[in-house]
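Just so you know, we're using our numbering here: the sequence shown kicks off at 142 and counts up by one.
C-beta atoms are modelled at their ideal positions from N, C-alpha and C, and glycine is treated no differently.
Have a look at the structure below before the remarks.
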Amino acid sequence: MTIETDTAVDPETLDPEDRFEELDDLDDLAEFDESHEIELVVLDMAGTTVRDDGLVERAFALAAERAGFAPEGAAREEALEYVRETMGQSKIAVFRVLTGDEELAQRANDEFERAYAELIAEVGVEAIPGAEATIRALRGAGASVVLTTGFSPATRDALLDALGWNDLADLVLAPADAGRGRPHPDMPLTALLRTETSSVDAMVVIGDTRSDMLSGVNAGAGLVVGVLTGAHDRDALEEAGADEVLDSIADLPALLGLGDDADLGSGAPAVVRA
142 MTIETDTAVD PETLDPEDRF EELDDLDDLA EFDESHEIEL VVLDMAGTTV
192 RDDGLVERAF ALAAERAGFA PEGAAREEAL EYVRETMGQS KIAVFRVLTG
242 DEELAQRAND EFERAYAELI AEVGVEAIPG AEATIRALRG AGASVVLTTG
292 FSPATRDALL DALGWNDLAD LVLAPADAGR GRPHPDMPLT ALLRTETSSV
342 DAMVVIGDTR SDMLSGVNAG AGLVVGVLTG AHDRDALEEA GADEVLDSIA
392 DLPALLGLGD DADLGSGAPA VVRA
């Protein structure tokens, strides 16, 4: 089976069935592996490899209040619903839509960064079970692993510090490192260039949101995988272009044929921050 790749598409007009042939079972995945060696795995952070537990929503609510634009009643619920729908996207982009004012959006984004850091310090943050072992297994099998996030570099670094992940992946990217956030293809393509991956066909993109899926599809990734540990459900992920949907990132090694006996690796190089 050949995975066809096109140029980036408009997320609003995306038809996933025009983009990829479905991978209905592991036989199809094995056929994919024979055609394209997996060189790069691009993993989202919050909701995919890192437990969110509502911290993002709480930080948004605190930021809106502190920045002075907190909506009330039905408007508040509408704003929170938009936050949920756009999980995975650059936070400043979300605030621009919610406020309609660049100065206010920037102020709210700064408050979000502070609020999220406070929440991490207050309640802590945990990895999704199996996430770290999965990353080590992928790297032990010879793939490059790049973590991506819709947070700012400062929040990204706070997460890495809290998790003790500063030497876990080959690279960690925020939208500021790549140009545009999701659903644009900039972060996966930057990951591809920075790791010197030979082709988009050799890249796998994994995430828990529609934006993650659209970013992978728009980047032309050979395989786009959704997980059910975060913001969006199976239907939403498949509608956005997921070729496979897993219960958890812990299921990824088996999907990619690494099995239970995969080498978990050792000695990873330091995380690169653009």
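Span separating the alpha-carbon of residue i from that of residue j
| i | j | result |
| --- | --- | --- |
| residue 205 | residue 235 | 12 Å |
| residue 301 | residue 345 | 22 Å |
| residue 254 | residue 200 | 8 Å |
| residue 370 | residue 386 | 11 Å |
| residue 174 | residue 241 | For residue 174, the predicted structure reports a pLDDT of 47, less than 50, and the residue's modelled location is therefore unreliable. A value from the coordinates is still provided. For residue 174 and residue 241, the distance between alpha carbons rounds to 46 Å. |
| residue 337 | residue 374 | 33 Å |
| residue 185 | residue 192 | 11 Å |
| residue 383 | residue 248 | 35 Å |
| residue 286 | residue 274 | 12 Å |
| residue 224 | residue 306 | 27 Å |
| residue 339 | residue 283 | 14 Å |
| residue 246 | residue 237 | 5 Å |
| residue 250 | residue 188 | 20 Å |
| residue 377 | residue 293 | 25 Å |
| residue 289 | residue 258 | 18 Å |
| residue 194 | residue 264 | 10 Å |
| residue 295 | residue 268 | 19 Å |
| residue 348 | residue 216 | 29 Å |
| residue 221 | residue 372 | 13 Å |
| residue 266 | residue 198 | 15 Å |
| residue 368 | residue 214 | 32 Å |
Boundaries (first-last residue) of the beta strand (DSSP E) holding residue i
| i | result |
| --- | --- |
| residue 347 | 344-348 |
| residue 287 | 285-289 |
| residue 266 | Note, residue 266: premise wrong, no beta strand (DSSP E); not H, not E. |
| residue 353 | Segment 351-359 is the alpha helix (DSSP H) holding residue 353; no beta strand (DSSP E) there. |
| residue 313 | 312-314 |
Residues of its chain near residue i, where Cβ-Cβ distance is below 7 Å and the 5 sequence neighbours each way are ignored
| i | result |
| --- | --- |
| residue 333 | 181, 341 and 344 |
| residue 291 | 229, 230, 231, 232, 316, 322 and 323 |
| residue 327 | 319, 320 and 321 |
| residue 209 | none |
| residue 329 | 183, 344, 346, 356, 357, 360 and 362 |
| residue 331 | 314, 318 and 319 |
| residue 365 | 346, 354, 357, 358, 382, 383 and 384 |
| residue 297 | 290, 313 and 315 |
| residue 179 | 284, 343, 345 and 397 |
| residue 310 | 276, 286, 287, 288 and 412 |
| residue 239 | 220 and 223 |
Cross-strand partners of residue i (DSSP beta bridge)
| i | result |
| --- | --- |
| residue 368 | 387 |
| residue 183 | 287 and 346 |
| residue 247 | Its beta-bridge partners do not exist; DSSP assigns none. |
| residue 224 | None; residue 224 has no bridge partner. |
Opening and closing residue of the alpha helix (DSSP H) in which residue i lies
| i | result |
| --- | --- |
| residue 376 | 375-380 |
| residue 277 | 272-281 |
| residue 309 | Per DSSP, residue 309 belongs to no alpha helix (DSSP H) and is neither H nor E. |
| residue 326 | That residue, residue 326, is in no alpha helix (DSSP H); it is neither H nor E in DSSP. |
| residue 396 | 393-396 |
| residue 192 | Run containing residue 192: none; DSSP gives neither H nor E here. |
| residue 212 | Run containing residue 212: none; DSSP gives neither H nor E here. |
| residue 341 | Neither: residue 341 is in no alpha helix (DSSP H) and is coded neither H nor E. |
| residue 299 | 294-304 |
| residue 234 | 232-240 |
Neighbourhood of residue i by C-beta, 8 Å cutoff - its chain only, sequence neighbours within 5 removed
| i | result |
| --- | --- |
| residue 261 | 196, 299, 300 and 303 |
| residue 219 | 212 |
| residue 270 | 389 and 391 |
| residue 418 | With the chain running from 142 to 415 in the structure shown, residue 418 is simply not present. |
Cβ neighbours of residue i in the same chain (closer than 6 Å, five flanking residues each side left out)
| i | result |
| --- | --- |
| residue 335 | 312 |
| residue 227 | 235 |
| residue 256 | 200, 203 and 204 |
| residue 252 | 204, 207 and 208 |
| residue 272 | 190 and 390 |
Contact with chain B by residue i, beta-carbon distance below 8 Å
| i | result |
| --- | --- |
| residue 187 | Chain labels in this structure do not include chain B; a single protein chain is all it has. |
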